[in-house]
Structures are given as C-alpha cells and as structure tokens.
Amino acid sequence: MTDSPIRDENSKAEGSRALNFIEEIVEENLREGKNDSRVHTRFPPEPNGYLHIGHAKSICLNFGLAQRYGGKTNLRFDDTNPTKEDVEYVDSIKEDVRWLGFSWDDREFYASDYFEQLYNWAEKLILDGKAYVDDQPAEEISKQRGTVTTPGVESPFRNRSIDENLTLFRRMKAGEFAEGSCVLRAKIDMAHVNMFFRDPILYRISFTPHHRTGTKWCIYPMYDYAHGQSDYLEGITHSICTLEFEVHRPLYDWFLDQLTTTAYRPRQIEFARLNLTYTMMSKRKLLELVKNNYVKGWDDPRMPTISGLRRRGYTPESIRSFADRIGVARRDNIIDVSLLEFSVREDLNKKANRALAVLNPVKLVLTNYPEGVTEMLTAINNPENPEAGSREIPFSRELYIEREDFMEVPPKKFFRLFPDGEVRLKYGYIIKCDEVVKDENGEILEIRCTCDMDSKTGGLTANRKIKGTIHWVSAKDAIDLEVRLFDRLFKTPDPEDYPEGGDWKDNLNPESLKVITVKGEPSLRSATVLSHFQFERIGYFNVDPDTTAENIVFNRTVSLKDTWQKVAQNEG
RNA sequence: UGUCCUAUGGUGUAAUUGGCAACACGUCUGACUCUGGAUCAGAAGAGUUCAGGUUCGACCCCUGAUAGGACAACCA
Numbered sequence: 089m090t091d092s093p094i095r096d097e098n099s100k101a102e103g104s105r106a107l108n109f110i111e112e113i114v115e116e117n118l119r120e121g122k123n124d125s126r127v128h129t130r131f132p133p134e135p136n137g138y139l140h141i142g143h144a145k146s147i148c149l150n151f152g153l154a155q156r157y158g159g160k161t162n163l164r165f166d167d168t169n170p171t172k173e174d175v176e177y178v179d180s181i182k183e184d185v186r187w188l189g190f191s192w193d194d195r196e197f198y199a200s201d202y203f204e205q206l207y208n209w210a211e212k213l214i215l216d217g218k219a220y221v222d223d224q225p226a227e228e229i230s231k232q233r234g235t236v237t238t239p240g241v242e243s244p245f246r247n248r249s250i251d252e253n254l255t256l257f258r259r260m261k262a263g264e265f266a267e268g269s270c271v272l273r274a275k276i277d278m279a280h281v282n283m284f285f286r287d288p289i290l291y292r293i294s295f296t297p298h299h300r301t302g303t304k305w306c307i308y309p310m311y312d313y314a315h316g317q318s319d320y321l322e323g324i325t326h327s328i329c330t331l332e333f334e335v336h337r338p339l340y341d342w343f344l345d346q347l348t349t350t351a352y353r354p355r356q357i358e359f360a361r362l363n364l365t366y367t368m369m370s371k372r373k374l375l376e377l378v379k380n381n382y383v384k385g386w387d388d389p390r391m392p393t394i395s396g397l398r399r400r401g402y403t404p405e406s407i408r409s410f411a412d413r414i415g416v417a418r419r420d421n422i423i424d425v426s427l428l429e430f431s432v433r434e435d436l437n438k439k440a441n442r443a444l445a446v447l448n449p450v451k452l453v454l455t456n457y458p459e460g461v462t463e464m465l466t467a468i469n470n471p472e473n474p475e476a477g478s479r480e481i482p483f484s485r486e487l488y489i490e491r492e493d494f495m496e497v498p499p500k501k502f503f504r505l506f507p508d509g510e511v512r513l514k515y516g517y518i519i520k521c522d523e524v525v526k527d528e529n530g531e532i533l534e535i536r537c538t539c540d541m542d543s544k545t546g547g548l549t550a551n552r553k554i555k556g557t558i559h560w561v562s563a564k565d566a567i568d569l570e571v572r573l574f575d576r577l578f579k580t581p582d583p584e585d586y587p588e589g590g591d592w593k594d595n596l597n598p599e600s601l602k603v604i605t606v607k608g609e610p611s612l613r614s615a616t617v618l619s620h621f622q623f624e625r626i627g628y629f630n631v632d633p634d635t636t637a638e639n640i641v642f643n644r645t646v647s648l649k650d651t652w653q654k655v656a657q658n659e660g
C-alpha cells in the first residue's frame, strides 16, 4: 500500500472495475478528510457457529476495502451472549479468515474486552436519567412494546429515581437477582416509529459462564448497546454490516451521541447479504443439519461453510474471485451456485495437476498388443502450466476405460468408441473396436480392440485425425480409490420454498453424496491430503483428510464443464 | 394497514453524477485441440417495474402507483 490514503494509480489499475457504493462512500469520506482520512474496518462474527460463504463475502469486503485504501481491519468477536457461544467457534473462525488469505495482525478483539467500559457507560446513562431498571418479565415487556403500527406502553418502573436505578443496576451486576428477573433499559420513547427506540434493553442477566470472562460477569450487554461502542473504542471508520441492521442504525448513532463527544465517528453502512441457489445460508439451520447428522459436521464438503468448501477442494483464490465477481449492492440477490463453481474451475484449471482415473470402469483388451509387457508413457502434468512437468504412466494390454465412453449404437456426433470405430487413448495409441463380449444379460464384460502400433504419441501415424480421445488406466497397475461424489445439498433452488405443512429439510437432496470405488493411475498413491487434481475429462478432485495408507479418498470438487452431456440431451 | 429500504438482459453488477445502457457468468454459433476441458473469434438477449411531471435531453431529478424486502428475542 502507499502512503496516500487515496487510491493510487497502481491500485486503480489492479481494480479497474467500477467502484461499488461502499467504495464510493469511502472515497467521499477520504476527500472530506473525515476521521483524519483513516479507513479502518472490522469483521465482527459472533462465535456461535462456523463461517459460511456469505461471511466470506463480508470478509473479502471488509479486508479488501482496507487493503485498497491503505487501512486496517480488526477481527472482533461479538461475544455478548455466553449461552450460544463457544471457543470451538472462535478457533474455527480464525482459521477460516486466515485460510481465505487475510490478516488482522495483532488486532484480535472481543466485545467482552469492553465489558468494563460498557458497564461504566451504562452507569452514565442512568446518571443522565436515560436508563432504568425494569423488573417486569420478558413477556410483559414484549407485550408493552406495541406493534409496528401501534405505540407501546410505558413500563411502571420507568420513572424510578436515579439513585434507585443505580443501586438496582449495581445489585444486578453483583449477582443478587435471578436470570430474567430484571433488565436495564434505555429510556427513550415508547411511541417511536422505530421499534428499536421503544426503551431497548441494554443489559440482561445470565449466569452461564462466558468462554472468555468466565463468571466475572453475570450481566451482559445486548448487541445494539455493544456494537457501536465497540466500533468506537477500536477507532472503526466504516462499520459494514448486512441490510437487516439498517433499522438499527439510528440507535447505533443514538448511543454514540449520548456517550461520546469527539469529532471522530464510525459510520454504519449496510449491504445485501449473499444468497445462493440450492444453498442454505441460515447459521441456525446449518447448526441443525450438523446437530441432527444430516451432514457429517460443519466441514462436510456439502456444507456452504468455509471449512466445508475447503475440504471440498475450493481454493481461497476461487472464493475471493467469486466475491469480487458478485459485487456489492443494496438490493436482494440470489446468485446462481454455478457462478461459484465457475470460479473454482477457473482457478483449478491453472493449478491442478492432471491424472487419469476411470470412475465407471469396463475392461478393454488390446488383442494385438504383446502380453506381459508394461510400457511407460509420458503424460503432461498440466497443459496450462509447463513448469508442472510430466510423469510416466504404465500402459499394457488390458486397460479400463469409462463405460460411458463406449456405445454399441452411437448417436450422431458421438466421437468416442463404438464397433469399428477408432479412438485415441490419451498419451497412447489409436485403437479400433473389433468386438464386444457380453454376459447372458447383455451386460458388456469386455471390449476387444486392435491397436495401431505406430500411432503412439510421437509415432509414425500419431497425427492421424481422430475425433475422440479417451482416458484409460492400465488394469494390472491401477489402484483403487474411494471417490465421494457430491451433489447439491438441496433439491430446490430455494431450500426455504416448501409446501404448506412441510419443512425446509424436506428439500434435502437424498443423493447429495455417492461413494464409489474407482480405478486410478498408480501415481495417485502418493497424493497428499488436500492436494488438487483434475481427473482428465471428469472433473476436479482433492484428497480428503479421511485418507489412510490403505484407503485413498478423493472428493469431487466440481465436474468439468460437460458440453457433450448438453448435446446428448438436446438430441433427445 | 405504519416507517424505512430496494427495483436495469436468464443471473449479478455498471453507466465518470442529466447526454440515446456496459461488463461478467450463462446461452447460441464457429475456429482450434491427443481433455467434448481450456483457449480464440463472433452472435443473440434489457430500452432500465408502471403512469405522470421537470428538461433540448431522464436509468439517473420530482409526484403517484405497483412489486419485493426489513422492523414488534432478555439473539446477533
């Protein structure tokens, strides 16, 4: 980054796209010299679940903005509710943000770091006559709040004296009252059009130990009371959140107006959250999927969590480029998952080494190829990256090819193998199908071919024009691999769209996971966990952590774009 | 029967602040290819939710409608 807080020519070049509305605001603030022309953002997750792709959008936004304008981004855990939060989640969140490629340096903060200051501010509000202790039960308070079209009713405890409120609040803090017996409320306006101004609750009592402060506190601040002040204490300039907090903004500003006097002021800006087709983004419902074993954990490769995507084989770069592509705006949006898939393919195409693997094998015998001979053929590791080099793969008389690559009665434009047809074996020879051996049920047992012995890559007849090239694996050299084929977790584009009396879980796709055993080239034996491969003509796969010495497990990240499937479908 | 937000090709995002709508993905052609991948070339697809108004000129400003969303946890 440069010394200038304003975007320089370099960063302008790298981000040649048009500014989004938040960048527009930031640049305007920079021009005005607001907040000493600082840009300081924060990513404020509540540690009550794992981060998902929607959070990734927010992370990219917050950290990206700071990077672009030479600012900083804090990681702040919004840990004001001990009943829902846990260290397991703070650890996973840190890992995920780091994995995505962002650094908060030493600025790892917690809302709980500010409990003391927040408490003192609460006493100030009481002293100013702007807060009071309410002894009513939750239901009563809720009832008195009124509705969006009718004003609320004032609490009978609303006009307690300052002294009484102060004493009561201190006793709340001291643990003298039971959970739910009383709360601290701001004294604003029970008839306000904005429901959040109808004497919002500031503090409630909870004796659940907090994952950081233990049992030191038994009163905890509510989100509205904690968030803006935390931003303020950290010197945040642009507090970016999703649209549902828009209604909270006036209250966010109100607290700061009551409590602070400096010219510096953080500004809350809301954007539309990410929605993806065929994807559930609700943290609560993702938790339900995990808790009730609909999936195998937060990092199940079918989950839209960062950890799930990572295990599935997504790269940080692919997620960042996705976040970049979808943009940032204020209108509700539903992005097609295929755009996410496009982003991984694009990245993996450049990075993943190729390998040959046959998912649905059928035996193929080269009748004119010598028996007992194994010849090594040279295969390119990655045509997109010459530096990836090459490797040797064994070839012999008996091979496996993909069952789908052979058809007895080929449709038009089928340029794979069929009786009397020719096809090229990748990195190998051109072969011709002579005979098909079937069992009594008509199931193909074996395909018998002759091999043009001069057609090996680099050979005399190697450059003959052959329409199709198929992949293969040497039968006696192939190794068995466990492959997990994932499909979308939900059957419907909108998982929340279910018939009356139904449940969103009815939309779960029962075929979202298929486990098969496939034949892979022997070099795959040494594949390291989480490394990426493209199985040629099939798709991108990565090694699952479940892999053991005896059992190598591959996850299908995403299939290759399949034009043939489309053609075949259109042919009917 | 309230307040606020939003409305641009199939999807998403732009339009240098009022000068006859661009980009990405997708779709469709064609070329190339020892991956029906990738790559390359090209095409179709919106006249900006609707109705008025201001203006020489409106996606942009004004008015009204319509549609979608947010808001009544001791959640965040």
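Each residue of the first sequence is one higher than the last, beginning at 89 in the numbering used here.
All residues carry an ideal CB built from backbone N, CA and C; glycine is no exception.
Close beta carbons around residue i, own chain, < 6 Å, minus the five adjacent residues each side
i: residue 105; result: none
i: residue 178; result: 135 and 165
i: residue 468; result: 478
i: residue 449; result: 488 and 607
i: residue 659; result: 499
i: residue 200; result: 167, 300 and 301
i: residue 128; result: 159, 160, 323, 324 and 325
i: residue 602; result: 573
i: residue 45; result: Residue 45 is absent from the structure shown; the chain starts at 89 and stops at 660.
Cβ neighbours of residue i in the same chain (closer than 7 Å, five flanking residues each side left out)
i: residue 581; result: 365 and 366
i: residue 646; result: 429, 432, 433, 627 and 628
i: residue 599; result: 575
i: residue 91; result: In this predicted model, residue 91 has a pLDDT of only 33, less than 50, meaning its place in the structure is not dependable enough to derive any value.
i: residue 596; result: 382, 577 and 578
i: residue 320; result: 344, 348 and 354
i: residue 267; result: 293, 294 and 295
i: residue 112; result: none
i: residue 100; result: With a pLDDT of only 34 at residue 100, under the threshold of 50, the placement of this residue in the model should not be trusted, and no figure is reported.
i: residue 402; result: 432 and 645
Residue i - containing beta strand (DSSP E), residue span
i: residue 196; result: 196-198
i: residue 560; result: 560-562
i: residue 354; result: Where residue 354 is concerned, there is no enclosing beta strand (DSSP E), given that its DSSP letter is neither H nor E.
i: residue 723; result: Lying outside 89 to 660, the shown extent of the chain, residue 723 is not represented and no answer is given.
i: residue 274; result: 271-274
i: residue 478; result: 478-483
i: residue 337; result: Careful: residue 337 lies outside any beta strand (DSSP E), inside the alpha helix (DSSP H) at 337-347.
Near the ligand MN: residue i beta-carbon under 7 Å from a heavy atom
i: residue 254; result: Ligands are entirely absent from the displayed structure, and the ligand MN is therefore not among its contents.
CB-CB length for residue i against residue j, believed under 8 Å
i: residue 137; j: residue 369; result: Rounded, the Cβ-Cβ distance is 11 Å, inconsistent with contact.
i: residue 335; j: residue 272; result: Actually they do not touch by this definition, with Cβ atoms about 21 Å apart.
i: residue 483; j: residue 516; result: 6 Å
i: residue 644; j: residue 571; result: 7 Å
i: residue 445; j: residue 569; result: 7 Å
i: residue 399; j: residue 632; result: 7 Å
i: residue 507; j: residue 496; result: 6 Å
Alpha helix (DSSP H) segment containing residue i, residue limits
i: residue 218; result: Counting along the chain, residue 218 falls outside any alpha helix (DSSP H), and DSSP gives it neither H nor E.
i: residue 155; result: 141-156
i: residue 428; result: 425-439
i: residue 365; result: Where residue 365 is concerned, there is no enclosing alpha helix (DSSP H), given that its DSSP letter is neither H nor E.
i: residue 452; result: Taken as a continuous stretch (DSSP letters only), residue 452 belongs to no alpha helix (DSSP H), being part of the beta strand (DSSP E) at 449-454.
i: residue 322; result: 311-322
i: residue 129; result: Element bounds for residue 129: not the alpha helix (DSSP H) but the beta strand (DSSP E), 128-131.
i: residue 253; result: 250-261
i: residue 658; result: 651-659
i: residue 230; result: 226-232
Cutoff 8 Å; reference residue i; Cβ partners in own chain excluding five residues on either side
i: residue 548; result: 542
i: residue 110; result: 149, 153, 326, 328, 357, 359 and 416
i: residue 108; result: 415, 416 and 417
i: residue 282; result: 335, 338 and 339
- Counting pairs of Cβ atoms below 8 Å between the segment 326-335 and the segment 370-387, do you hit three or more? no
- Message: When you compare the segment 194-212 with the segment 294-310, are there three or more beta-carbon pairs, one atom per stretch, that lie closer than 8 Å?
- Response: With contact defined as three or more Cβ pairs closer than 8 Å, the segment 194-212 and the segment 294-310 are in contact.
- Message: Assess contact between the segment 210-228 and the segment 189-197, defined as three or more Cβ pairs (one per stretch) separated by less than 8 Å. Is contact present?
- Response: no
- Could you tell me whether the segment 534-541 touches the segment 453-473, where touching means 3 or more Cβ pairs closer than 8 Å? Flag = yes, the segment 534-541 and the segment 453-473 touch.
- Message: Quick test of the definition: if touching needs 3 or more C-beta pairs under 8 Å, does the segment 556-565 touch the segment 373-380?
- Response: no
- Message: Taking contact to mean 3 or more Cβ pairs, one atom from each stretch, closer than 8 Å, check whether the segment 582-589 and the segment 541-556 are in contact.
- Response: no
- Task: Would you list, in sequence order, the uninterrupted alpha helix (DSSP H) runs of no fewer than 4 residues that lie entirely inside the segment 381-415?
- Result: Runs of the alpha helix (DSSP H) inside the segment 381-415: 394-400 and 404-414.
- Is there contact here, the segment 276-287 with the segment 237-248, by at least three beta-carbon pairs under 8 Å? yes
- Message: Restricting to runs no shorter than 3 residues, where is the beta strand (DSSP E) found entirely within the segment 580-621?
- Response: Taken in chain order, the complete beta strand (DSSP E) segments of 3 residues or longer contained in the segment 580-621 are 601-608.
- Message: Which runs of the beta strand (DSSP E) at least 3 residues long sit entirely within the segment 152-193? Give them in chain order.
- Response: 160-165
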